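Letter by letter, the sequence shown follows residues 1154 to 1423 of my numbering. Reviewing the structure listed below.
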Amino acid sequence: MPTPPVTGPLVTRTMIAEQLIELGVRPGEILLVHSSLSSLGWVCGGAVAVVQGLLDVLGPGGTLVVPAHSADLSDPALWSRPPVPEEWWEAIRASIPAYDPLTTRSRGVGVIPETVRTWPGARRSAHPHSSFAAVGPRAAEITEGHAPDCRLGERSPLARLEACGARVLLLGAGYDSCTSFHLAEYRIPSPLEEVGRPGPDGWETMTEVSITSERFDELGHDFERDRPVVRGTVGAARARLFPVADAVAYAERWLPVHRPREEDFPHPAS
């Protein structure tokens, strides 16, 4: 069977940087990037060229932040892509390695975040399931102090990004990937759930705010309609640029109306 031809467009590090500047990315800013490498086209240099292009624009004073989640450090009973046999669950819980910021690979967030995670000088937050990685002068400030029982709430890098005036870049990714919306879930009445994961002393269970990306695509549509979101393209990818704080504030108002959950939950401690 013949090999399918390469499809474009051809995208280079220089092109990425130029188009990010046209979009409005500024030197020295803090940028939280959600990305899809395949959406950009044929990138010469792959994920490394994308990270280089981002850092070229941010410059030595800017800080690049990405989700470095490790979704596989979770209860195998909840795995669905793919599921594992029930008779394996206890053996997996007993054997799965605990989280290590240096060696645990990111999973479910794409190859660009994994490239940032392993970049020289990168810092990574301590949450074993929902960590963030950052490169730049404010990387330590953003990633330190990520509480083990707070995936995406007040004691996570998201709250620091909001306070620092960071912006979100959706680079070929949709609003269903926008972690800033999850911070709003911690600020409205939300249920709690027990979350299992491997810990340094064996399998452990934490109480966490229940989070879901359900209807985030609709939330993003309305957010983009009502708030000033910069829109453009990088390579073949759709790109969106907006402040973390705007996304969180809009989601705090939108979610209780459009995605109501049970009314009698106490507001979770953050």
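Using N, Cα and C, we set each Cβ at its ideal position, and we do this for glycine too. Since the structure is predicted, the reported quantities are computational estimates derived from the model, not experimental observations.
By the criterion of a C-beta distance shorter than 6 angstroms, A1319 is surrounded in its chain by I1183, L1185, V1397, once the five residues flanking it on both sides are discounted. I1174 counts as exposed, since fewer than 16 other C-beta atoms from the protein chains shown sit within 10 angstroms of its C-beta.
In this model, L1324 and R1391 are separated by some 6 angstroms (Cα to Cα). Between H1222 and G1261, the gap from beta carbon to beta carbon is short of 8 angstroms.
Here A1170 has G1206, D1209, V1210 as same chain residues with Cβ atoms under 7 angstroms from its own Cβ, once five neighbours each way along the sequence are excluded. An exposed status is given to V1383, since fewer than 16 other beta-carbon atoms sit within 10 Å of its beta-carbon. Here I1245 really is in contact with P1229; their C-beta atoms are around 4 angstroms apart, less than 8 angstroms. In this model, W1195 and G1161 are separated by some 5 angstroms (Cα to Cα). Judged by beta-carbon spacing, V1362 lies within the 8 angstroms limit of G1306, meaning their Cβ atoms are closer than that value.
Per DSSP, the unbroken beta strand (DSSP E) holding L1345 starts and ends at 1345-1352. Contact check for R1380 against F1395 passes: the beta carbons are separated by less than 8 angstroms.
Linking G1349 to R1166 through their CA atoms gives a straight-line distance of about 41 angstroms.
Assignment of alpha helix (DSSP H) within the region 1252-1304, counting only whole runs of 4 or more residues, yields 1264-1270, 1292-1296 in chain order. Per DSSP, reduced to three states, the secondary structure at W1407 is helical. Secondary structure at T1216: strand, using DSSP grouped into helix, strand and coil. For T1257, the CB contacts under 6 angstroms within the same chain, skipping 5 residues up- and downstream, are S1223 in chain order. Around the beta carbon of L1193, a 10 Å sphere encloses 16 or more other beta carbons of the protein chains shown; the residue is thus reported as buried.
Just measuring C-alpha positions, the residue of G1215, L1372, T1386 sitting nearest S1188 is T1386. W1232 is bridged by DSSP to nothing; it lacks a bridge partner. Taking 8 angstroms as the cut-off, the beta carbon of L1345 is found no closer than this to the beta carbon of T1365. Taking all protein chains shown into account, G1355 has fewer than 16 neighbouring C-beta atoms within 10 Å of its C-beta and is therefore exposed.
Using a 10 angstroms sphere on the CB of G1289, the tally of other CB atoms reaches 16 or more, which defines it as buried. Taking every protein chain shown into account, the CB of W1407 has 16 or more other CB atoms within 10 angstroms, so this residue is buried. In the DSSP assignment, A1247 falls outside any beta strand (DSSP E) and within the unbroken alpha helix (DSSP H) covering 1242-1248. Here L1217 is near V1269, since their CB atoms are less than 8 angstroms apart. Our two residues, G1373 and D1329, have alpha carbons roughly 8 angstroms apart in a direct line.
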